[in-house]
Amino acid sequence: MQIQSYLSIIFAVIIVGFLILDLGYFNRKAHKISGTSAFFQTLFWITLSLSFARVIFIFMNKIMALEFLSAYVTELTLSVDNLFVFLLIFNFFKLEEKYHHRVLFWGILGVIVFRAIFILSGAYLVEKFHFILIIFGAILLYTGFQLLFEKKEKHINFNENKIFKLAKKFLPLSPSEHEGKFFIKKNGKTYATLLFMILLIVEGTDIVFAVDSIPAAFAITQNPFILFTSNIFAVMGLRSLFFLIESVIHKFHHLQRGLSFVLIFIGAKILVGVVGIYVSSITSFVVIMTILAMSLILSVLFPKKI
Numbered sequence: 003m004q005i006q007s008y009l010s011i012i013f014a015v016i017i018v019g020f021l022i023l024d025l026g027y028f029n030r031k032a033h034k035i036s037g038t039s040a041f042f043q044t045l046f047w048i049t050l051s052l053s054f055a056r057v058i059f060i061f062m063n064k065i066m067a068l069e070f071l072s073a074y075v076t077e078l079t080l081s082v083d084n085l086f087v088f089l090l091i092f093n094f095f096k097l098e099e100k101y102h103h104r105v106l107f108w109g110i111l112g113v114i115v116f117r118a119i120f121i122l123s124g125a126y127l128v129e130k131f132h133f134i135l136i137i138f139g140a141i142l143l144y145t146g147f148q149l150l151f152e153k154k155e156k157h158i159n160f161n162e163n164k165i166f167k168l169a170k171k172f173l174p175l176s177p178s179e180h181e182g183k184f185f186i187k188k189n190g191k192t193y194a195t196l197l198f199m200i201l202l203i204v205e206g207t208d209i210v211f212a213v214d215s216i217p218a219a220f221a222i223t224q225n226p227f228i229l230f231t232s233n234i235f236a237v238m239g240l241r242s243l244f245f246l247i248e249s250v251i252h253k254f255h256h257l258q259r260g261l262s263f264v265l266i267f268i269g270a271k272i273l274v275g276v277v278g279i280y281v282s283s284i285t286s287f288v289v290i291m292t293i294l295a296m297s298l299i300l301s302v303l304f305p306k307k308i
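Structure follows, in structure tokens:
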């Protein structure tokens, strides 16, 4: 437990430190993130995450390291669907590319807070009412099969988004240009800008996606430390991944099917555990990685017909 406390401090220093550097130094001014910069940022966060897994392996044990990697990979790949929706949101509102990072940065801060709440609440409920894992399993199976047969909606009117409509009822909205600000003052009155409304929709989208990803993580491990660190490392790398693959994300058309099989597998793993059939962490990791690798390979070998 002492080792876990030390690693928690190291993790907190890493995340807080890079958030401060990100907004306070590297991205003080709004600008478009280049593909090269996005590549190196993505590589950095993947390397850092793998290094943290290595530290867990050395100072804790192999099983927890595998659970971290499985939860990390699952969260990162499930987040690809988030990226697709983020791209739809930005395109719908015609948000300039130089402001994409600003929205995603503050969106990530919200994600960290909400994930902490979801994970701590989930861990408490699972400890007190273990049968909740069965509910998680059922949710994952349902979502997996729904995703398997679902077609992505290409034309979405985000003006009809419930969060957007609710916010407009309670917040005075400025029709003028936001100039990279979430709030502006006019005649002594504070107005929310369109940029802030976009941020609210992005946050709301992540909460919806967390309904899938958090139960999936709990199916892999119930350790709050592994759950939170793997989740946050994944979402920290999400912004750079967005800028890296936004132009080619539509080419990975088999990834949705791959994600559906991952959710079905994880959901089934929970339910068979109820009857005493145990699926090891090594097996889970291999199966998840194989499914995702195959979905990417098939997307390349059999490109989508235009």
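Using the numbering used here, the first residue of the sequence shown is number 3, and each one after it goes up by one. Every residue gets a Cβ at the ideal spot worked out from N, C-alpha and C, and that includes glycine. This one's a predicted model, so the numbers in the text were calculated from it and none came from an experiment.
- In terms of CA proximity to Leu135, Ile222 leads the group Leu294, Ile222 and Phe287.
- Membership of Phe131 in any alpha helix (DSSP H) is not indicated, and neither H nor E is assigned to it by DSSP.
- Taking the C-beta atoms as reference points, Leu273 is found nearer than 8 Å to Gly139.
- Shown here for Pro174: same chain residues with a beta carbon closer than 8 Å to its own, the five before and five after excluded, namely Lys191, Thr192, Tyr193 and Ala194 in chain order.
- Under DSSP, Tyr126 shares a beta bridge with no residue.
- Apart from sequence neighbours up to five positions away, the residues of its chain that approach Ile5 with a beta-carbon distance below 8 Å are Phe61 and Met62, ordered along the chain.
- Of Pro217, Phe59 and Phe95, the smallest CA-CA separation from Gly124 is found for Pro217.
- Of all C-beta pairs linking the segment 267-282 to the segment 105-123, fewer than three are shorter than 8 Å, placing the two stretches out of contact.
- In the three-state reduction of the DSSP assignment, Tyr101 falls in the helix class.
- Here Phe304 carries a coil assignment [DSSP, helix/strand/coil].
- Spatial neighbours of Val113 in its own chain (CB-CB distance under 6 Å, excluding positions within 5 residues in sequence) are listed in chain order as Asp208 and Val237.
- For Ser297, same chain residues with a beta-carbon under 7 Å away, outside a window of 5 residues either side, are His256, Leu257, Arg259 and Gly260 in chain order.
- Following the DSSP letters along the chain, one finds Lys170 inside the alpha helix (DSSP H) bounded by residues Lys164 to Phe172.
- Between Met199 and the set Lys64, Leu97 and Tyr8, the nearest pair of CA atoms involves Leu97.
- Not a single unbroken stretch of the beta strand (DSSP E) spanning 3 or more residues falls wholly within the segment 219-248.
- Scanning Leu50, Thr44, Phe86 and Ser36 for the CA closest to the CA of Ile12 turns up Leu50.
- By the CB criterion at 8 Å, Ala55 and Ala73 fall outside the cutoff.
- For Phe41, the enclosing alpha helix (DSSP H) begins and ends at Gly37 to Phe61.
- Counting other Cβ atoms within 10 Å of its Cβ, Ile137 stays below 16 and is therefore classed as exposed.
- Minimum Cα-Cα distance from Ile17 among the listed residues Phe131, Val57, Ile110 and Ala295 corresponds to Ile110.
- The C-alpha of Ser282 is placed about 29 Å away from the C-alpha of Leu45.
- C-alpha of Phe147 to C-alpha of Phe133: approximately 22 Å in a straight line.
- Following the DSSP letters along the chain, one finds Tyr193 inside the beta strand (DSSP E) bounded by residues Lys191 to Ala194.
- Out of Val213, Tyr280 and Ile203, the CA that lies nearest to the CA of Val87 is found in Ile203.
- Distances from the CA of Leu196 to each of Pro305, Tyr101 and Ile284 were compared; the closest alpha carbon is that of Tyr101.
- Assigned with DSSP and collapsed to three states, Ile186 falls in strand.
- The shortest CA-to-CA distance from Tyr126 to any of Leu229, Asp24 and Glu69 is the one to Leu229.
- Secondary structure in the segment 264-296: no alpha helix (DSSP H) run of 4 residues or longer lies completely within the stretch.
- Looking from the CA of Ser242, the closest CA among Val289, Arg104, Val288 and Ile293 belongs to Arg104.
- In the DSSP annotation of this structure, the continuous segment of the alpha helix (DSSP H) that includes Leu23 starts and ends at Gln4 to Leu23.
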